[in-house]
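These notes concern the structure reproduced below.
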């Protein structure tokens, strides 16, 4: 199952907190798509989920807008 969180216009640490909460609710094998438009939010999400061993895919879909895919 694919879940999605839109964090456009939100600044740290809110996107990371929302992402962590949703990730905890997901089942093994689910994918979470997070859309952010602040580089610091992207960096924090990438750092946190890399440290816990998640598979991440990051795409810059527009200038300054990223989609982060996190697999549980």
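Numbering (UniProt numbering), first residue to last: 1 to 72. Here a beta-carbon is modelled for each residue, glycine too, at the ideal position from N, C-alpha and C. Being a predicted model, the structure only gives us computed values, none of them experimental.
| Query | Result |
| --- | --- |
| Cβ-based burial, residue 15 [other Cβ within 10 Å; buried from 16] | buried |
| Residues near residue 12 by beta carbon distance below 6 Å, same chain, minus five either side | 40, 41 and 44 |
| Residue from 36, 1 and 10 whose Cα sits closest to the Cα of residue 25 | 1 |
| Three-state secondary structure assigned by DSSP to residue 59 | strand |
| CB of residue 54 within 8 Å of CB of residue 33, strictly | no |
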